[in-house]
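Trainee: Protein chains in written order, with the numbering used here: chain A, 1 to 339; chain B, 340 to 678. Yeah, the Cβ is synthetic: ideal placement off N, Cα and C, and Gly gets one too.
2 protein chains.
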Amino acid sequence: MSDKPTTIKEIAKILKISVSTVSRALNDHSSIGLTTKMRVKKLAAELNYEPNQKAIQFLQGKSHIIGVILPELSESFFSTAISGIEDVAYKRNYTVLLAQSHDDADREKLLVEKMKTQRVDGLLVSVSKTTSTYEHFEVFKKLNIPVVFFDRIPPIKDIHYVASNLENGTYEAVNFLLKKGHRTIGMINGPTTLVASHERKEGYIKAMISNRLKFDPSLIVSCDLSESGTIEVMNTMLNHRRKPTAIVTFNDYVALFAMRHTRSLELEGIDFVSYANLPIINYMDYTPIASVEQFPYKQGKKAADILIDLINRPKNETGTEQAYFNVVVESELIIPNPK
Amino acid sequence: MSDKPTTIKEIAKILKISVSTVSRALNDHSSIGLTTKMRVKKLAAELNYEPNQKAIQFLQGKSHIIGVILPELSESFFSTAISGIEDVAYKRNYTVLLAQSHDDADREKLLVEKMKTQRVDGLLVSVSKTTSTYEHFEVFKKLNIPVVFFDRIPPIKDIHYVASNLENGTYEAVNFLLKKGHRTIGMINGPTTLVASHERKEGYIKAMISNRLKFDPSLIVSCDLSESGTIEVMNTMLNHRRKPTAIVTFNDYVALFAMRHTRSLELEGIDFVSYANLPIINYMDYTPIASVEQFPYKQGKKAADILIDLINRPKNETGTEQAYFNVVVESELIIPNPK
DNA sequence: TAATTTTGCGCAAACGTTTGCTCACTGGTT
DNA sequence: AACCAGTGAGCAAACGTTTGCGCAAAATTA
C-alpha cells in the first residue's frame with residue numbers, strides 16, 4: 001500500500017467520471033455541479049490526493065522556483081536576507097533554490113548555468129566580489145527570465161535591483177556624534193572603488209555641511225579593511241593634528257580592530273559608530289555606541305517581491321519600453337539602549 | 340527571436356528524422372549511427388539546445404531536488420553545514436531547496452508539507468528545538484522518500500542520521516586542561532535532556548578516569564544557556580568548596596557570558612574551553628584557550644552524500660530489512676596558536 | 001410546445017522527453 | 001537462392017494535468 005501517490009485518473013475511475021471533470025472540480029471551476037465537486041473533493045481528501053507539481057510545472061512551463069545566488073551565507077547580512085527572501089517565496093508559493101558563490105566569479109558563472117538548466121522562473125543575485133564580467137546574466141534576459149540584483153549590484157545598466165543607501169544612515173550617524181558634542185570626527189572608509197564608500201563619504205559631508213561645519217577631507221581615510229590596514233590608518237588618525245574624538249568605521253570588523261588598537265594604546269574616550277554586520281556585537285564587551293542598520297531582511301523581502309512580480313507580470317509587448325525596478329532601502333542609525 | 344527554448348522536436352523536424360532518433364542520438368544510444376549522432380549533436384549545439392528538465396523530471400518521476408530544513412542559517416554551524424550540503428548536491432547534480440524553521444515546530448511542520456508537495460527526492464533535516472512530535476516525517480517513509488537527519492537528531496528509532504560525537508572532543512578538552520596542570524575542572528553543561536549534554540558529561544568523566552582522578556559530580560552544572568542562567572551557575576561554581584581553575588562551557592555564548600562575569604568580578608586566571616560555534620570568536624579580546632570543533636561542513640557533506648545514495652539505491656525488496664545509516668562525526672579539540 | 005439558453009460534463013490535444021517494439025535494410029553465411 | 005544476424009531508425013505510448021471545444025440534458029423563455 002501507499003505505493004505511488006494518488007492521481008487524478010484514479011479518482012476519475014473510481015467516480016466513473018472523466019479526468020477533466022475531476023481536475024475542474026478540484027480547481028473549483030464554475031462549470032462543475034456542486035454535488036460533483038463535493039464528491040470529488042471528498043474522495044480526493046480520503047485518498048490524500050496531492051497534485052503532481054512536476055506535471056503541472058511541466059505543462060505550464062513554470063517551475064515556481066526562484067534561484068538565489070549569493071556570496072556567503074556565513075555573513076550575517078546574507079543569512080538574514082535569505083530569510084526575507086524565503087518568507088516571501090513561501091507566502092507566494094515559490095520555493096528557493098540556493099547557491100553560494102563563495103565570492104568566486106567562476107563558481108558564480110557555473111551556478112548561473114545550473115540555474116538556467118534547472119529552468120528557474122527567476123533569479124536573485126548578489127554578485128561576488130571577484131566578478132568583473134556580466135555576460136552570464138545576459139542569457140536570462142534573452143530567455144525572458146527576470147533577474148533581480150540585491151545589495152551587491154553590478155555596474156551595468158538596464159537591470160532590476162534592490163540596494164541600500166548608506167548616505168542617509170551615515171548622515172544620521174555623524175549628526176548623532178555632532179549632537180553628542182564631538183567636533184572632530186574621523187571616518188575609516190573602505191576602498192574608494194566601492195559605491196558603498198562613496199555613499200558613506202557623501203553622508204559624512206552632508207552632515208557636516210548641514211551643521212555649518214567645514215569638512216576636513218583628511219579626516220576620512222581609506223582602508224583595505226584588514227586588521228593591519230585598520231591599525232595603520234588608526235595610527236594616522238591618532239597622529240593627526242586634529243585627533244578625532246569619534247570615529248565612524250566601515251563595518252563592525254574594522255570597528256573591532258580599531259577599538260582593540262585604541263585599548264592597547266590605553267586610549268580612552270573615543271566614540272565609535274559602525275555599520276551593522278555582526279549580531280554577535282551584542283555579546284562583545286566593547287561595542288560601538290551606535291550602528292547604521294541596513295535591514296537585510298527587508299532588502300531580501302523586497303527583492304523577492306519584485307522578482308515574483310516580474311515573473312507574473314503580464315506578457316510585455318515584445319520587449320519594448322521595459323521598466324526597471326531600482327529600489328533603494330534607506331539605512332538607519334540604531335542607538336542601543338545604554339545598559 | 341530567442342523566444343522559446345529549442346526542443347528536440349524542432350531538431351527532428353529540421354533534420355527530417357524522428358524525435359526518438361534525436362533523443363537517442365543525444366544520449367549516445369548504441370542503436371544510432373555515428374553520422375546521425377554527429378549531425379544531431381552539431382545542430383543541437385548550434386541551436387543551444389538544452390533538455391527541458393521539467394519534462395524529464397516529470398517523465399521519470401524524479402525532481403533531482405533535495406530539501407533541506409534547518410533551524411537558523413544565522414547560526415554559523417548551519418551556514419557552514421549548508422555549504423557542505425550544497426557542494427555535494429552540485430557535484431552529484433542535485434539542487435538544494437532551502438527552508439529555515441527558525442526553531443519553530445509549527446513552521447517546521449509546514450515546511451515539511453511544502454517539501455512534500457514539491458516532491459523533493461529526499462530530505463535533510465536538523466530538527467527545531469521546539470519540535471516534540473515527529474509524525475510529519477513519517478509521511479516520507481510511506482512515500483519512500485529518504486530522510487536524513489543531521490546534528491539535531493530526533494529521539495526516535497529507525498532513522499538515518501549524521502551527528503557529531505562530542506564525547507571524545509570533550510575527553511580531549513578535559514585531558515588538555517589536566518595536562519596543563521588543572522586539577523579542578525568545572526563544566527557548564529546544557530539541559531540534561533539533550534543528548535549533547537550527556538555526551539559532554541561522559542567525555543568529562545572518561546578523561547578524569549583515564550587520568551586516575553576521581554570524578555566530582557558537583558563540578559558539572561546544568562544551565563539554560565542564557566546569560567542570567569550562566570551567571571547563576573558561575574556563582575555556584577565560584578563558591579564551590581573546590582573552586583575550579585578551568586571551566587568547560589556548553590558553547591561559545593556561554594563561554595562569553597562566563598568570561599565576562601569573571602572579569603566583572605575581577606577574577607583572573609580561569610581557563611575556558613568551549614565548543615566551536617562562532618567564527619567571530621577570532622575577533623574577540625578574551626577567548627577560550629581551546630575549542631571543540633564539530634566540523635559542520637563535513638557533517639553536511641556526509642549527510643548529503645548519504646541522502647543521495649539512498650535516493651539512488653536499487654529498489655529495496657518491498658521494504659524488508661531496511662538498513663539505517665547512523666554516522667557519527669568525531670569532534671576534535673582545536674588549540675589555537677597562541678598569539 | 002417549440003425555441004433558446006444554461007448547466008454539467010466528456011473528449012482529446014498538448015507540454016517535451018524517453019523507451020519498448022517494430023521494421024526495413026545491409027551484408028554475410030549456408 | 002534462401003536464411004539469419006546485425007545495424008539504424010521510426011512509431012507510438014506513457015508520465016499527470018489543464019483546457020478549448022463540443023454536446024447532451026435540463027431549465028427557461030416565448
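If you reduce the DSSP assignment to three classes, tell me which class Tyr500 (chain B) lands in.
Mentor: In the second sequence, counting from the first residue as 1, residue 500 (chain B) sits at position 161. In the structure shown, Tyr500 (chain B) sits in a strand (DSSP, three-state: E or B).
Trainee: How about Ala304 (chain A) and Ile85 (chain A): are their beta carbons less than 7 angstroms apart?
Mentor: Residue 304 (chain A) sits at position 304 when you count from the first residue of the first sequence. Residue 85 (chain A) sits at position 85 when you count from the first residue of the first sequence. Result yes, Cβ atoms of Ala304 (chain A) and Ile85 (chain A) sit closer than 7 angstroms.
Trainee: Please list, in chain order, all residues of the same chain as Phe77 (chain A) whose beta carbon is under 8 angstroms from its beta carbon, the five residues on each side excluded.
Mentor: For the purposes of this step, residue 77 (chain A) is taken as the residue at position 77 of the first sequence. Taken in chain order, the residues that qualify are Asp151, Asn277, Gln294 and Pro296.
Trainee: Return the CA-CA distance between Leu143 (chain A) and Pro344 (chain B), expressed in angstroms with no decimal places.
Mentor: The residue labelled residue 143 (chain A) in the question sits at position 143 within the first sequence. The residue labelled residue 344 (chain B) in the question sits at position 5 within the second sequence. About 8 angstroms.
Trainee: Return the Cβ separation of Ala629 (chain B) and Ala512 (chain B) in integer angstroms, given the expectation that the two are a contact with Cβ distance under 8 angstroms.
Mentor: Against the second sequence, residue 629 (chain B) aligns to sequence position 290. Against the second sequence, residue 512 (chain B) aligns to sequence position 173. Their Cβ separation, rounded to whole angstroms, is 6 angstroms, which keeps Ala629 (chain B) and Ala512 (chain B) in contact under 8 angstroms.
Trainee: Could you give the distance in angstroms between the alpha-carbon of Asp497 (chain B) and the alpha-carbon of Ile650 (chain B)?
Mentor: Counted from its first residue, the second sequence places residue 497 (chain B) at position 158. Counted from its first residue, the second sequence places residue 650 (chain B) at position 311. So the two alpha carbons sit approximately 17 angstroms from each other.
Trainee: Please tell me whether Leu413 (chain A) has its Cβ less than 7 angstroms away from any Cβ of chain B.
Mentor: Because chain A here runs from 1 to 339, residue 413 (chain A) falls outside it and cannot be looked at.
Trainee: With DSSP as the reference, label Ser63 (chain A) as helix, strand or coil.
Mentor: Along the first sequence, one-based indexing puts residue 63 (chain A) at 63. DSSP places Ser63 (chain A) in coil when its eight states are reduced to three.
Trainee: Does the pairing of the segment 116-123 of chain A with the segment 257-268 of chain A give three or more beta-carbon distances under 8 angstroms?
Mentor: Too few Cβ pairs lie closer than 8 angstroms, so no.
Trainee: Taking 8 angstroms as the threshold, find out whether the segment 180-196 of chain A comes into contact with the segment 227-245 of chain A through three or more Cβ pairs.
Mentor: Short answer: they touch.
Trainee: On the three-state DSSP scale, how would you describe Tyr275 (chain A)?
Mentor: Counted from its first residue, the first sequence places residue 275 (chain A) at position 275. If DSSP states are grouped into helix, strand and coil, Tyr275 (chain A) belongs with the strands.
Trainee: According to DSSP, which residues form a beta bridge with Thr434 (chain B)?
Mentor: As a working mapping, residue 434 (chain B) is identified with position 95 in the second sequence. Thr434 (chain B) pairs with B:Ile404.
Trainee: According to DSSP, is Asp445 (chain B) part of a helix, a strand, or is it coil?
Mentor: As a working mapping, residue 445 (chain B) is identified with position 106 in the second sequence. Looking at Asp445 (chain B) - three-state DSSP - the assignment turns out to be helix.
Trainee: Counting pairs of beta carbons, one from the segment 398-406 of chain B and one from the segment 434-451 of chain B, are three or more of them closer than 8 angstroms?
Mentor: The segment 398-406 of chain B vs the segment 434-451 of chain B: in contact.
Trainee: For Gly568 (chain B) and Asn550 (chain B), what's the separation of their Cα atoms in angstroms?
Mentor: By one-based count along the second sequence, residue 568 (chain B) stands at place 229. By one-based count along the second sequence, residue 550 (chain B) stands at place 211. The straight-line gap from Cα to Cα measures roughly 31 angstroms.
Trainee: Examine chain A for any beta-carbon lying closer than 7 angstroms to the beta-carbon of Val435 (chain B), and answer yes or no.
Mentor: As a first step, residue 435 (chain B) must be located in the second sequence, where it is residue number 96. By this cut-off, Val435 (chain B) is an interface position.
Trainee: Of the residues B:Ile673, B:Gly542 and B:Lys430, which one's Cα is nearest the Cα of Leu505 (chain B)?
Mentor: Residue mapping note: residue 505 (chain B) aligns to position 166 of the second sequence, counting from 1. Nearest C-alpha to Leu505 (chain B): B:Gly542.
Trainee: Taking DSSP as the reference, what is the three-state secondary structure of Asn312 (chain A)?
Mentor: As a first step, residue 312 (chain A) is located in the first sequence; it is residue number 312 there, counting from the start. Reduced to three states, the DSSP call for Asn312 (chain A) is helix.
Trainee: So, helix, strand or coil for Met38 (chain A), using DSSP?
Mentor: In the first sequence, counting from the first residue as 1, residue 38 (chain A) sits at position 38. Of the three classes helix, strand and coil, the one that applies to Met38 (chain A) here is helix, per DSSP.
Trainee: Which residues bound the beta strand (DSSP E) around Ser101 (chain A)?
Mentor: Here residue 101 (chain A) refers to the residue found at position 101 when the first sequence is read from its first residue. Neither: Ser101 (chain A) is in no beta strand (DSSP E) and is coded neither H nor E.
Trainee: Could you compute how far the alpha carbon of Val292 (chain A) sits from the alpha carbon of Ile11 (chain A)?
Mentor: On the first sequence, residue 292 (chain A) is found 292 positions in, with the first residue counted as 1. On the first sequence, residue 11 (chain A) is found 11 positions in, with the first residue counted as 1. About 58 angstroms.
Trainee: At 3 residues or longer, what runs of the beta strand (DSSP E) sit wholly inside the segment 552-592 of chain B?
Mentor: Here the runs fully enclosed are 559-561 and 585-588.
Trainee: In whole angstroms, give me the CA-to-CA distance for Ala196 (chain A) and Val329 (chain A).
Mentor: Within the first sequence, the letter at position 196 stands for residue 196 (chain A). Within the first sequence, the letter at position 329 stands for residue 329 (chain A). Computed Cα separation, rounded: 13 angstroms.
Trainee: For Leu225 (chain A), would you say it is in contact with chain B, using Cβ-to-Cβ distances shorter than 7 angstroms as the test?
Mentor: Position 225 of the first sequence holds residue 225 (chain A). For Leu225 (chain A), the answer is no, since every Cβ of chain B falls outside 7 angstroms of its Cβ.
Trainee: Against chain B, with Cβ distances strictly below 7 angstroms, would Arg119 (chain A) count as a contact?
Mentor: Looking up residue 119 (chain A) in the first sequence gives position 119. So, interface residue.
Trainee: Quick one: does Phe611 (chain B) have its CB under 7 angstroms from some CB of chain A?
Mentor: Position 272 of the second sequence, counted from the first residue, corresponds to residue 611 (chain B). Not one chain A Cβ lies under 7 angstroms of Phe611 (chain B).
Trainee: Fully enclosed by the segment 478-555 of chain B, which alpha helix (DSSP H) runs are 4 residues long or longer?
Mentor: Listed in chain order, the complete alpha helix (DSSP H) runs (minimum 4 residues) inside the segment 478-555 of chain B are 505-518 and 534-549.
Trainee: I want to verify the contact list: residues of chain A whose CB lies under 8 angstroms from the CB of Ala394 (chain B), in sequence order.
Mentor: Numbered from 1 along the second sequence, position 55 holds the residue referred to as residue 394 (chain B). Simply Phe58.
Trainee: When the Cα atoms are used, what is the spatial distance from Thr360 (chain B) to Ile371 (chain B)?
Mentor: Reading the second sequence from its first residue, position 21 is the one you call residue 360 (chain B). Reading the second sequence from its first residue, position 32 is the one you call residue 371 (chain B). Cα to Cα, Thr360 (chain B) sits roughly 7 angstroms from Ile371 (chain B).
Trainee: Using only CA atoms, which one of B:Lys545, B:Asn578 and B:Thr469 lies nearest to Ser557 (chain B)?
Mentor: For the purposes of this step, residue 557 (chain B) is identified with residue 218 of the second sequence, where counting begins at 1. Per the Cα distances, B:Asn578.
Trainee: For Ala290 (chain A), report the span of its beta strand (DSSP E) as first-last.
Mentor: Position 290 of the first sequence holds residue 290 (chain A). Residues Ala290 to Glu293.
Trainee: With DSSP collapsed to three states, give me the class of Leu73 (chain A).
Mentor: In the first sequence, residue 73 (chain A) corresponds to position 73, counting from 1. Of the three classes helix, strand and coil, the one that applies to Leu73 (chain A) here is coil, per DSSP.
Trainee: Can you check whether the C-beta of Glu389 (chain B) is within less than 7 angstroms of a C-beta belonging to chain A?
Mentor: Numbered from its first residue, the second sequence carries residue 389 (chain B) at position 50. Judged by the 7 angstroms Cβ criterion, Glu389 (chain B) is in contact with chain A.
Trainee: What residues match up with Glu330 (chain A) in a beta bridge as DSSP calls it?
Mentor: For the purposes of this step, residue 330 (chain A) is taken as residue 330 along the first sequence, with counting starting at 1. In DSSP, Glu330 (chain A) forms a bridge with A:Asn165.
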